[in-house]
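Trainee: Numbering (our numbering), first residue to last: 53 to 402.
Here it is, the structure, as structure tokens.
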Ligand code: PMV
């Protein structure tokens with residue numbers, strides 16, 4: 053290989069995303085058991101800088117990693133294992149020393165999933181550095197970034213685009229793939245393009261069961277095949293809803309998906325519960341608010357206790373008033389985090 057550069061560096065800021073049809077269950081290297089649909093968040097982001105400096109080729113990955121200006125041995129080890137896999141494609145990785153610095157715009161250990169923003173930011177950096185170091189343009193930059201983000205953490209592959217994204221092969225979307233996500237923003241009705249997501253921090257800190265362990269439990273889950281069938285149907289149904297702008301159908305489907313995710317956890321061969329009493333209390337309050345006001349406020353859940361409140365931009369003032377007056381007391385340290393549908397990753401140039 054011809055080395056075009058002694059050193060190269062780049063910085064990407066990439067978002068987290070929230071799934072509406074959930075990915076839960078996988079095989080091989082993050083090949084999903086069913087398709088999923090999400091949208092990118094505008095404020096929950098990770099900013100990652102990678103500096104690559106040519107070194108004598110002694111094999112292996114040479115890496116220094118800091119998270120929020122501090123060395124972090126646990127993250128460094130995970131990243132090293134990931135970059136060892138990435139060197140299969142980005143062969144120059146073993147000939148460069150890497151300094152990687154990363155930070156989040158949301159509080160660490162807030163219970164907001166960070167692997168999607170973290171791995172999408174790293175994968176985007178790898179793609180940019182690849183072009184700079186080899187001098188070869190990637191054929192499809194974002195597909196490649198999505199593929200490598202997926203290998204870091206499945207849901208991360210949906211974070212390389214702005215707006216709405218679909219990941220996983222489905223007969224209902226022609227260019228869909230298990231290997232990478234595709235942007236579907238051009239299919240989305242305007243009412244959904246400015247959705248708000250208020251994340252209520254019900255519980256900070258590390259989850260009792262990681263999503264890696266959760267996915268693994270699907271292998272011998274009594275309801276796995278039924279779940280995969282329903283997730284496929286929900287993907288088709290949600291695509292139609294997102295096109296038509298049918299808010300009532302959106303509420304019904306998205307809440308059912310969130311509850312099914314948690315029902316799968318509770319019915320795993322080794323059952324576990326990630327919701328907390330305040331998660332359920334907030335869900336009850338949301339339903340009451342919706343029934344009394346007629347405002348289509350709905351919830352979804354990640355693999356954790358926090359609640360994502362979704363509503364249209366039009367209803368946002370009333371929803372925020374409701375959050376401040378009636379929901380804040382259920383949040384740990386009264387914390388919540390307001391997001392909207394985001395425009396996707398940005399490369400930061402200095
Ligand atoms: O990407 P992972 O392995 O952290 O799995 C994420 C799974 C959920 O967040 C629960 C659902 C999803 O589709 O994002």
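Glycine included, every Cβ here is placed at the ideal spot set by N, Cα and C.
Values in this document were obtained by computation on a predicted structure and should not be read as measured data.
1) Consult DSSP for residue 261 and reduce its assignment to one of helix, strand or coil.
2) Smallest Cα separation from residue 319: which of 171, 361, 275 and 331?
3) Taking 8 Å as the limit between beta carbons, can you name the residues of its chain near residue 113, skipping five residues before and five after?
4) So is residue 358 buried or exposed if we call it buried at 16+ other beta carbons inside 10 Å?
5) Quick check: the Cα distance between residue 384 and residue 253, rounded to an integer number of angstroms?
6) Cβ of residue 154 within 7 Å of any heavy atom in the ligand PMV?
7) Using the C-alpha atoms, what's the distance from residue 381 back to residue 229?
8) Quick check: what's the CA-CA separation for residue 87 versus residue 108?
9) Assign residue 190 to one of three DSSP states: helix, strand, or coil.
10) Is any heavy atom in the ligand PMV found nearer than 7 Å to the beta carbon of residue 350?
11) Taking 7 Å as the cut-off, is the CB of residue 130 close to at least one heavy atom of the ligand PMV?
12) Residue 355 and residue 326: beta carbons closer than 8 Å?
13) State the CB to CB distance for the pair residue 352 and residue 70, rounded to an integer number of angstroms; the pair is presumed to be in contact (CB under 8 Å).
14) My output table needs one value for residue 142: the three-state DSSP class, helix, strand or coil.
15) The alpha helix (DSSP H) with residue 124 in it runs from where to where?
16) By Cβ distance, which residues of its chain are closer than 6 Å to residue 182, with the 5 residues on each side in sequence left out?
17) Within the present structure, is the beta-carbon of residue 80 separated from the nearest heavy atom of the ligand PMV by less than 7 Å?
18) How close, in whole Å, do the beta carbons of residue 389 and residue 60 come, if the pair is a contact with beta carbons under 8 Å?
19) Report the residue from 85, 237 and 79 whose alpha carbon sits nearest the alpha carbon of residue 277.
20) Tell me whether residue 235 sits in a helix, a strand or coil according to DSSP, three-state version.
21) Look at residue 211 and residue 66 and say whether their C-beta atoms are less than 8 Å apart.
22) What three-state label does DSSP hand residue 358 in the structure shown?
23) Can you tell me which of 173, 269, 216 and 80 puts its alpha carbon nearest to the alpha carbon of residue 322?
24) State the Cα-Cα distance for the pair residue 391 and residue 258, rounded to the nearest angstrom.
25) Quick one: which unbroken beta strand (DSSP E) runs of 3-plus residues sit fully inside the stretch 54-121? Chain order, please.
26) If we ignore side chains and look at the alpha-carbon of each, how far apart do residue 158 and residue 400 end up?
27) On the criterion of 16 or more Cβ atoms from any shown chain inside 10 Å, does residue 187 qualify as buried, or is it exposed?
28) Give me the DSSP bridge partner(s) of residue 289.
29) Output the residue ranges of the beta strand (DSSP E) runs that lie fully inside the stretch 188-222 and measure 3 residues or longer, sorted by chain position.
30) Which of the three DSSP states is assigned to residue 158 in this structure?
31) Roughly how many angstroms separate the alpha carbons of residue 371 and residue 307, rounded to a whole number?
Mentor: Concretely, from the data shown:
1) coil
2) 275
3) 132, 135, 136, 139, 145, 146 and 150
4) Burial call: buried.
5) 6 Å
6) In this structure, the C-beta of residue 154 stays at least 7 Å away from each heavy atom of the ligand PMV.
7) Cα to Cα, residue 229 sits roughly 42 Å from residue 381.
8) 43 Å
9) coil
10) no
11) no
12) yes
13) 6 Å
14) In this structure, residue 142 counts as coil in the three-state DSSP scheme.
15) Per DSSP, residue 124 belongs to no alpha helix (DSSP H) and is neither H nor E.
16) 142
17) Checking every heavy atom of the ligand PMV against the Cβ of residue 80, none is found closer than 7 Å.
18) No, residue 389 and residue 60 are not in contact; Cβ-Cβ is about 34 Å, not under 8 Å.
19) In terms of Cα proximity to residue 277, the closest of 85, 237 and 79 is 85.
20) strand
21) yes
22) coil
23) 269
24) 22 Å
25) Assignment of beta strand (DSSP E) within the stretch 54-121, counting only whole runs of 3 or more residues, yields 59-73, 88-106 and 114-119 in chain order.
26) 18 Å
27) exposed
28) DSSP lists no partner for residue 289.
29) 216-219
30) coil
31) 17 Å
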